[in-house]
Amino acid sequence: MTTLANGFKVIGTRPIRHDGVDKVTGRAIYGADMQMAGLLHGRILRSPIPHGIIKSIDVSKALALPGVEAIVTSAELTDPGNRIAELGEGAVNLKDLSSNCLARGKVHYKGQAVAAVAAVSPNIAEEALKLIVVDYQTLPHVTDVRAAMRDDAPLLHDDQVTESLGQPTGKHSNIAKHIQFKKGDIDEGFKQAAVVVEREFHTATVHQGYIEPHNATALWNADGTVTIWCSTQGAFSVRAQVAELLAMPVSRIKVVPTEIGGGFGGKIRVYLEPVAAALSKKTGKPVKITMNRADVFEATGPTPGSYIKVKMGADKDGKLVAAQAYLAYEAGAFPGSPIGPGAMCIFACYDIPNVHIDGYDVVVNKPATSAYRAPGATNAAFASETIVDELCEKLKIDPLDFRIKNGAREGTRRADGPIFPLVGLVETLEVAKRHSHFLSERQGDKETRRQGDEKMGSSPCLLVSLSHPLLPRGRGVASGFWFNCGLKSSASASVNSDGTVSLVEGSTDIGGSRTGIAMQLAEALGIRADEVRPVVGDTDAVGYCDVTGGSRVTFATGWAAYEAAQDIKRQMITRAAFIWSVTSEEVAYENGSLRCLVDDTKRLTFKELAEKLHATGGTIVGRASVDPQGVGGAFATHIVDVEVDSDTGKVTILRYTAVQDVGKAIHPSYVEGQIQGGAVQGIGWALNEEYFYNDQGTMANASFLDYRMPTSLDLPMIEAVLVEVANPGHPYGVRGVGEVPIVPPPAAIANAIYNAIGIRMEELPMSPGRVMAKLLAKKRA
Amino acid sequence: MALVWIPPLLRDLTGGKETATATGQNVDQVIVALEQQFPGMRVRLSPDGVLRPGIAVVVDGQVGRFGLLESVGPDSEVHFLPAIGGG
Chain P
8 MTTLANGFKV
18 IGTRPIRHDG
28 VDKVTGRAIY
38 GADMQMAGLL
48 HGRILRSPIP
58 HGIIKSIDVS
68 KALALPGVEA
78 IVTSAELTDP
88 GNRIAELGEG
98 AVNLKDLSSN
108 CLARGKVHYK
118 GQAVAAVAAV
128 SPNIAEEALK
138 LIVVDYQTLP
148 HVTDVRAAMR
158 DDAPLLHDDQ
168 VTESLGQPTG
178 KHSNIAKHIQ
188 FKKGDIDEGF
198 KQAAVVVERE
208 FHTATVHQGY
218 IEPHNATALW
228 NADGTVTIWC
238 STQGAFSVRA
248 QVAELLAMPV
258 SRIKVVPTEI
268 GGGFGGKIRV
278 YLEPVAAALS
288 KKTGKPVKIT
298 MNRADVFEAT
308 GPTPGSYIKV
318 KMGADKDGKL
328 VAAQAYLAYE
338 AGAFPGSPIG
348 PGAMCIFACY
358 DIPNVHIDGY
368 DVVVNKPATS
378 AYRAPGATNA
388 AFASETIVDE
398 LCEKLKIDPL
408 DFRIKNGARE
418 GTRRADGPIF
428 PLVGLVETLE
438 VAKRHSHFLS
448 ERQGDKETRR
458 QGDEKMGSSP
468 CLLVSLSHPL
478 LPRGRGVASG
488 FWFNCGLKSS
498 ASASVNSDGT
508 VSLVEGSTDI
518 GGSRTGIAMQ
528 LAEALGIRAD
538 EVRPVVGDTD
548 AVGYCDVTGG
558 SRVTFATGWA
568 AYEAAQDIKR
578 QMITRAAFIW
588 SVTSEEVAYE
598 NGSLRCLVDD
608 TKRLTFKELA
618 EKLHATGGTI
628 VGRASVDPQG
638 VGGAFATHIV
648 DVEVDSDTGK
658 VTILRYTAVQ
668 DVGKAIHPSY
678 VEGQIQGGAV
688 QGIGWALNEE
698 YFYNDQGTMA
708 NASFLDYRMP
718 TSLDLPMIEA
728 VLVEVANPGH
738 PYGVRGVGEV
748 PIVPPPAAIA
758 NAIYNAIGIR
768 MEELPMSPGR
778 VMAKLLAKKR
788 A
Chain V
7 MALVWIPPLL
17 RDLTGGKETA
27 TATGQNVDQV
37 IVALEQQFPG
47 MRVRLSPDGV
57 LRPGIAVVVD
67 GQVGRFGLLE
77 SVGPDSEVHF
87 LPAIGGG
């Protein structure tokens, strides 16, 4: 193997992914592919109203339909009571979790599950749903965050009072939680400001939009154990949730994670798994439930709509002196919006001496929100990064220079208190400033524009831009931050007699992570990446792993693989010492080989020793379970060129560059893929994606036809620029990379639109209708 | 003694003080020490003998993994922040 300039042999290379052949030949097994003898098909009856009391459910006619084998309601799930449980990646209210799987006495959003049927065919199950009679008492509903905060708003939960870090408010409200951060003296800070900008922002509810709908197949065995196959970001989290909802020990539940067609945070909470298990228990047969797209939109967790008000001030030299924010996030039907991280991220890119932030978690009659890539941070950055751009304009300072001057760096105290360790925001800004994309702005004449377009090749945007060469164009920049996390991971690795290593790890592979993990094992052992065979194990096959989320897997599960490799190396040394009749201290493991320190003629390659293992004591298995600290936060800076059609309001992305501190790119292609995917999701959030609710509290666009996500035809190539500020807290310098690229796009695009047409956009999405409304208002003014 | 940054919503207990010092080898002992200075602190931070749900403790910049059992050094800096989950 060639050693790279940085000393690595495997890390930083781009081997073919281990699951590649299965994926491209269609042989990878996804949840909906599950087939087994006697399989029943489950379907869910969902609430037709956004808010109401369930007075009664009559299933007698449905049960009488030939082919129907069982029907369950919330009565079949154990009432967990109003309890909070730690389920791997945060606290969960079990009463809410249970009600979200099957409504318990009340429905809180249109689409909430009410009952479930298992039948011998999908069609019969669908027919049976029509025969279930539910008597609802309809209640007034509220779907807007600010309306829900009013004193006269309909209350979703009669027993809910605002939680304010344990301070009893005693007031019944849709405001579930109030959080606050303060730093310095906000009033004094604004007094020092030469320029102050204040605006209000609204962002729409958006969905992760994963291609593969939720699914679950459960088989309740005769011995009282249950096996569940499902598409999930965390098999152990599913096991823990099902155990709580069905009141059974985790040891009686096996969760088998199938390949996953996207999750982005939305496949952590259970929806179907306990229901399928309950149906299987009742019938004694395997039951499979899959959602359709409307189910996914209406009944799984999108990310919140929000209202944000931001005020920031800078002195005449362009130094930020004060920042204030008020954030209200829609939690959906049950408390739990990402208001915490939103409030913690909103000013995280900057070193600001005086800060005041208030955040509110507010329930509304919409689906309970779930995590979505850097939860809460994109909404927040849209507001703060738009304000920063306006400050730059007023101070006549280049937006990257302003950010470099004020940017957070090692030693900066965050608004929420802790001090940043080594981070790479400024490095991304410096790279962005030198990038050809940003430099071309300085020229800007029409001729340069055309040259730039030619460089963009065959992008469909080119056709648009050349056909309308006079349409206004603008460039915008924005930065973003996400914390990333560590959490618990496990891995075990067995040395095979042919010198390969079988690796079992427990992190659902989203985006090539099993290869990234295998590469870290290979690097540590000094073997090739294709000599490691990684698989994602089920909950009985591998030690506990937290969810694939928080940009943690390459960091933490990679660390577990690294430690498993160290375990293997120690055992290999012992084995070689045994063969050579020397002590372990007299054997060295170097570059994938073992060398006797007291007799230079004695050497064994990894493969040669692997061949001898069976005859010298048996297989070597390395294993590790880690819960690492040293998480490295991630910063990104994006540059975007847009063109705005002033006749239609349509915004076209002409060029997009995403610069990100990635710590150390284990497999650069997959890092680039994460950055491109995150940026595209951010672009969709910025320009088109939105839950439309009608007056009846019903989502009016619950299909991919009407919920407009960007496709490859809408976008140019996203150029990902990797900046490597190694994280000192990881053996290979890894930082999580998957979430932060979704943070800057809406703000960067809003700033580009402003530079094109002179209008500040304050609402997401910046759809043609909203842009036209602003253009017309400007004309009238 | 550890330096504890008092969450703004708890500063009603500290008379507005932003920070306080407290002795303790772990977070639980630090909270007990805070309680002696600022009665009412313990029930707000750790009712029922565990950290309040949704709260994370950050010691010297690292998110704690062991809740109230997280070690605290004599020169540590301690924060109580909203717990974060990623996507």
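Residue numbers (our numbering), protein chains in the order written: chain P, 8 to 788; chain V, 7 to 93.
All C-beta atoms, glycine included, are put in the ideal place defined by N, C-alpha and C.
**Item:** Collapsed DSSP secondary structure at residue 176 of chain P in the structure displayed
**Value:** strand
**Request:** Compute the Euclidean distance between the alpha carbons of residue 415 of chain P and residue 89 of chain V, then round it to the nearest angstrom.
**Result:** 22 Å
**Item:** Closer than 9 Å to chain V by CB, residue 18 of chain P
**Value:** no
**Request:** Could you tell me whether the Cβ of residue 89 of chain V comes closer than 9 Å to any Cβ of chain P?
**Result:** yes
**Request:** Pull up the distance between the alpha-carbon of residue 228 of chain P and that of residue 263 of chain P, whole angstroms please.
**Result:** 15 Å
**Asked** Quick one: Cα of residue 394 of chain P to Cα of residue 299 of chain P, how far?
**Response** 40 Å
**Asked** For residue 392 of chain P, which residues of its own chain have a beta-carbon under 6 Å away from its beta-carbon, when the five flanking residues on both sides are left out?
**Response** 485, 754
**Cβ neighbours of residue 668 of chain P in the same chain (closer than 8 Å, five flanking residues each side left out)** = 430, 431, 432, 434, 435, 641, 642, 643, 730, 731, 732, 742
**Message:** Below 9 Å on C-beta distance, what does residue 558 of chain P contact in chain V?
**Reply:** 92, 93
**Message:** To the nearest angstrom, how far is the alpha carbon of residue 771 of chain P from that of residue 210 of chain P?
**Reply:** 5 Å
**Request:** Return the Cβ separation of residue 304 of chain P and residue 217 of chain P in integer angstroms, given the expectation that the two are a contact with Cβ distance under 8 Å.
**Result:** Contact flag wrong, Cβ pair sits at about 11 Å.
**Request:** Could you have a look at residue 610 of chain P and say whether DSSP puts it in helix, strand or coil?
**Result:** strand
**Request:** Please name the residue, chosen from V/91, V/50, V/65, V/70, that lies closest to residue 81 of chain V on a Cα-to-Cα basis.
**Result:** V/65
**Message:** Taking the alpha carbon of residue 690 of chain P as the reference point, which residue from P/386, P/118, P/522 has its own alpha carbon closest?
**Reply:** P/386
**Prompt:** Any beta-carbon of chain V closer than 9 Å to the one on residue 771 of chain P?
**Reply:** no
**Asked** Start and end of the beta strand (DSSP E) containing residue 481 of chain P?
**Response** 480 to 489
**Request:** Leaving aside the five residues before and after residue 458 of chain P along the sequence, list all residues of the same chain whose C-beta is less than 8 Å from its C-beta, in chain order.
**Result:** Interpretation of residue 458 of chain P is limited by its pLDDT of 40, a score under 50 that renders its predicted location unreliable; no figure is taken from the coordinates.
**Cβ-based neighbour list, residue 573 of chain P, same chain, cut-off 7 Å, excluding 5 preceding and 5 following** = 531
**Message:** Let me check one thing: in DSSP terms, what residues is residue 368 of chain P bridge-paired to?
**Reply:** P/184, P/336
**Prompt:** Alpha carbon to alpha carbon, what distance is there between residue 47 of chain P and residue 69 of chain P?
**Reply:** 16 Å
**Request:** Select from V/83, V/48, V/63 the residue whose C-alpha is nearest the C-alpha of residue 76 of chain V.
**Result:** V/63
**Item:** Assigned exposure category for residue 621 of chain P - 16 Cβ within 10 Å defines buried
**Value:** exposed
**Request:** Locate the alpha helix (DSSP H) running through residue 399 of chain P, then write down its first and last residues.
**Result:** 384 to 402
**Message:** For residue 28 of chain P, count the other beta carbons within 10 Å of its own beta carbon; 16 or more makes it buried, fewer makes it exposed. Which is it?
**Reply:** exposed
**Contacts that residue 172 of chain P makes with chain V (C-beta to C-beta distance below 7 Å)** = 13, 15, 16, 50
**Request:** Could you tell me which residues DSSP puts in a beta bridge with residue 629 of chain P?
**Result:** P/500
**Asked** Going by Cα to Cα distance, which pick from P/321, P/588, P/777, P/626 is closest to residue 504 of chain P?
**Response** P/626
**Message:** Residues of chain P with CB closer than 9 Å to the CB of residue 4 of chain V, please, in chain order.
**Reply:** The first residue shown for chain V is 7 and the last is 93, placing residue 4 of chain V beyond what the model contains.
**Request:** Kindly say whether residue 53 of chain P, judged by its beta-carbon, lies nearer than 9 Å to any beta-carbon of chain V.
**Result:** no
**Prompt:** Does DSSP put residue 222 of chain P in a helix, in a strand, or in coil?
**Reply:** strand
**Prompt:** Helix, strand or coil for residue 697 of chain P per DSSP?
**Reply:** coil
**Item:** Option in P/374, P/583, P/355, P/111 with minimal Cα separation from residue 418 of chain P
**Value:** P/355
**Per-residue burial, residue 140 of chain P [other beta carbons within 10 Å of its own, 16 or more giving buried]** = exposed
**Asked** Opposite residue 642 of chain P in the DSSP bridges: which residues?
**Response** P/488
**Message:** Residues of chain P with CB closer than 7 Å to the CB of residue 68 of chain V, please, in chain order.
**Reply:** 636
**Request:** Could you tell me whether any Cβ in chain C is nearer than 9 Å to the Cβ of residue 380 of chain P?
**Result:** Although the question refers to chain C, the structure presented lacks it and instead comprises the protein chains P and V.
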